[in-house]
Amino acid sequence: MKKIMLLFLAVYSLAACKKDGPDAVTSNLNVDLSFANTSYREALNNSEVTVRLKNLLNGALVESKHKLGAVQFASIASGAYDIEASISFTKDEFLNLTGEDAGGATITFNASAKNVSITSDTQLQLQLIAGVNGDFVIKQVYYAGSDNRDGASFRDQFFEIYNNTDRVLYADSLYFGRLWGKQSATDASHHFQANGQLDWSKSIDMTIGAAANSDYVYARDLFMIPGSGKDHPVQPGESIVIAQNALNHKVPFIGNNGREVTVRDPSLTIDLSGADFETYFGDLPGETPFASDIDNPNVPNVQVIVYQGNDWLLDALGRDSYYIFKGPTRQDVTALKKYYAPLLRTPSVSAREYTQIPAAWIMDGLDAQPNVASSQIPKKLFPSIDAGYTFVTEGSYSSLSVMRKVAREEGGRKILQDTNNSTNDFVSGRANPRGFAN
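Residue numbers -18 to -1, 1 to 420, in mature numbering (1 follows the signal peptide of the UniProt record, and there is no 0), belong to the letters of the sequence shown in order.
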């Protein structure tokens, strides 16, 4: 996807949400909303932004609309909140207001602030950043896996990417993987930013200061779809499925250790023998793959560039963040720098390094989270990539995936919702490669 970094609205706005009872402690919230790009302040100043505030204690959600500028939310129940805001313009609306052609059918402004503590008279200075819809989008992530006892456990995980345009795209040299960051709410072993995420400016040999946090993301693994440029066409409204193991997990198979692998309840898992690609670790020098990592000769392998573990084992609890991008050239990707995580202590000789990727390269991204609020962690992706987060409602090994919603149909082609906010764009449902959310 050609990502056009026009503007992407980082609105950390709030809506009122009161607790019941006469003894409830309330607070006032004062928000100053402005555009980071000053050239849009006058043209878009009269726009109304939809603001959502979710109380993390009781799950109560309030939605309201507000003009830009000074906004006060009075008598909000004190506590922790997730805050999101969004506004969309059609291509014609944006052109009429700004005189600029964004190049996309819809421009959506988003923002989010997670786990915000609202106490007393809270003041927030919030700038609006904007972005546009893309070409390839992440359609479905099946990280939860199926039942450990009766299903396929983690073996049937997959990742699906969709052509959300009206033209043929090519998957050749499309990169994907997961990011690294704070993985536990109780982690106290690293340097952290004010937002709770790792402070990469404190990494060993990092020389770019605050830009290490504002301009880059850090990959724990990195894969590439092979090809010479036009080997892997993806038609409009079609997708590519990347399997951890491209097998029919409903039927028995012989693992690479010579032992038979079966499932007790085939209905809990899926058939991935028709996947477009698989992540095969069996030919990596010096590595011992999982017994389930079988090379399907009928399914091409992706190129493994950076990896961890014995297979592409997605975090079943939902603590991963996912990305796709196309680098300027393969040489540019090869030249990306790597850094240790910003530990408080000196990294050990066996410590891993993480690949520094320019945020401007990211075509699409998705922040997943655990389904239990107390286990949720700071977001790894910027609001300009994913202003929200998503999760499978029933947790790990539930046979559920997160799948992007269908926005509309045109000429039989399904156009998926892409507001750059996975909270709004995704739903949880039964894993179904090449399927669509209802």
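Quick reminder that beta carbons are idealized off the backbone N, C-alpha and C, glycines included.
Here the structure is a predicted model, which means the values were calculated and not measured.
Checklist entry - Below 8 Å between beta carbons: does that hold for Gly347 and Ser303? => result Position 365 of the sequence shown, counted from the first residue, corresponds to residue 347. Position 321 of the sequence shown, counted from the first residue, corresponds to residue 303. For Gly347 and Ser303, yes; Cβs fall inside 8 Å.
Checklist entry - Exposed or buried, what is Pro415 when buried is set at 16 or more other beta-carbons lying within 10 Å of its beta-carbon? => result For the purposes of this step, residue 415 is taken as residue 433 along the sequence shown, with counting starting at 1. Classification of Pro415: buried, given that the 10 Å Cβ count is 16 or more.
Checklist entry - If you check the beta carbons only, do Ala201 and Arg160 fall under 8 Å apart? => result Taking the sequence shown and counting its residues from 1, the one referred to as residue 201 is at position 219. Taking the sequence shown and counting its residues from 1, the one referred to as residue 160 is at position 178. Yes, the Cβ-Cβ distance between Ala201 and Arg160 is below 8 Å.
Item to check | Pairwise C-alpha distance: Lys96 and Gln226 | outcome: If you number the sequence shown from 1, residue 226 lands on position 244. If you number the sequence shown from 1, residue 96 lands on position 114. Rounded to the nearest angstrom, the two C-alpha atoms are 31 Å apart.
Next on the checklist: Using the three-state DSSP reduction, which class does Phe76 fall into: helix, strand or coil?
Outcome noted: In the sequence shown, residue 76 corresponds to position 94, counting from 1. Helix at Phe76.
Checklist entry - Looking at C-alpha atoms only, which residue of Phe71, Ser274, Arg34 and Glu142 is the closest neighbour of Ser94? => result What you label residue 94 is simply residue 112 of the sequence shown in a count that begins at 1. Out of Phe71, Ser274, Arg34 and Glu142, Arg34 has the C-alpha closest to the C-alpha of Ser94.
Item to check | Cβ neighbour criterion (16 or more within 10 Å) applied to Val53 | outcome: Start at 1 with the first residue of the sequence shown, and residue 53 comes out as number 71. Buried, because 16 or more other Cβ atoms sit within 10 Å of the Cβ of Val53.
Checklist entry - By Cβ distance, which residues of its chain are closer than 8 Å to Pro360, with the 5 residues on each side in sequence left out? => result Locating residue 360 in the sequence shown gives position 378, where the first residue counts as 1. Contacts found: Lys96, Asn97, Gly163, Lys164, Asn177, Gly178 and Gln179.
Item to check | Proximal residues to Val388 (C-beta, below 8 Å), its chain only, five neighbours per side dropped | outcome: Here residue 388 refers to the residue found at position 406 of the sequence shown. Excluding residues within five positions, the ones whose Cβ falls inside 8 Å are Lys396, Ile397, Leu398, Gln399, Phe418 and Ala419.
Item to check | Cβ-based burial, Gln139 [other Cβ within 10 Å; buried from 16] | outcome: Residue 139 sits at position 157 when you count from the first residue of the sequence shown. So Gln139 ends up on the buried side.
Next on the checklist: Here's the rule I'm using: 16 or more other beta-carbon atoms within 10 Å means buried, otherwise exposed. How should Val233 be labelled?
Outcome noted: Locating residue 233 in the sequence shown gives position 251, where the first residue counts as 1. Looking at its Cβ environment, which holds fewer than 16 other Cβ atoms inside 10 Å, Val233 is exposed.
Checklist entry - Assuming Val199 and Leu151 make a contact with CB atoms under 8 Å, what is their CB distance in whole Å? => result As a position in the sequence shown, residue 199 is number 217, starting the count at 1. As a position in the sequence shown, residue 151 is number 169, starting the count at 1. About 23 Å; that fails the 8 Å criterion.
Checklist entry - Can you tell me whether Ser99 is buried or exposed, with buried defined as 16 or more other CB within 10 angstroms of its CB? => result Numbered from 1 along the sequence shown, position 117 holds the residue referred to as residue 99. Label assigned to Ser99: exposed.
Next on the checklist: Once the 5 residues before and after Arg390 are set aside, which same chain residues still bring their CB inside 6 Å of it?
Outcome noted: Sequence index remark: in the sequence shown, residue 390 carries index 408 (1-based). Excluding positions up to five away in sequence, the list reads Ile397.
Checklist entry - Considering only the beta carbon of each residue, do Asp117 and Asn92 sit closer than 8 Å? => result Position 135 of the sequence shown, counted from the first residue, corresponds to residue 117. Position 110 of the sequence shown, counted from the first residue, corresponds to residue 92. Contact: no.
Next on the checklist: Classify Pro310: buried if its beta carbon has 16 or more other beta carbons within 10 angstroms, exposed otherwise.
Outcome noted: Working through the sequence shown from its first residue, we reach residue 310 at position 328. Pro310 is exposed by the Cβ-count criterion.
Checklist entry - DSSP beta-bridge partners for Asp14? => result Here residue 14 corresponds to residue number 32 of the sequence shown, with the count starting at 1. In the DSSP output, where bridge partners are listed per residue, Asp14 has Ala52 and Gln107.
Item to check | Own chain partners of Phe408 with C-beta closer than 6 Å, once the 5 adjacent residues on each side are dropped | outcome: Working through the sequence shown from its first residue, we reach residue 408 at position 426. Counting only Cβ-Cβ distances below 6 Å, and skipping sequence neighbours, we find Thr372, Val384 and Arg386.
Next on the checklist: Quick check on DSSP: helix, strand or coil for Pro248?
Outcome noted: Walking along the sequence shown from the start, residue 248 turns up at place 266. Looking at Pro248 - three-state DSSP - the assignment turns out to be helix.
Checklist entry - So the beta strand (DSSP E) Asp346 belongs to, where does it begin and stop? => result Here residue 346 refers to the residue found at position 364 of the sequence shown. Note, Asp346: beta strand (DSSP E), Ile344 to Asp349.
Checklist entry - Grouping DSSP H, G and I as helix and E and B as strand, with all else coil, what is Asn230? => result Taking the first residue of the sequence shown as 1, we reach residue 230 at position 248. Reduced to three states, the DSSP call for Asn230 is strand.
Checklist entry - In whole angstroms, what separates the C-alpha of Asp154 from that of Asn28? => result Walking along the sequence shown from the start, residue 154 turns up at place 172. Walking along the sequence shown from the start, residue 28 turns up at place 46. As the crow flies, the alpha-carbon of Asp154 is around 43 Å from that of Asn28.
Next on the checklist: Can you give me the C-alpha to C-alpha distance between Ile224 and Glu75, rounded to a whole angstrom?
Outcome noted: Counted from its first residue, the sequence shown places residue 224 at position 242. Counted from its first residue, the sequence shown places residue 75 at position 93. When rounded, the distance between both Cα atoms is 37 Å.
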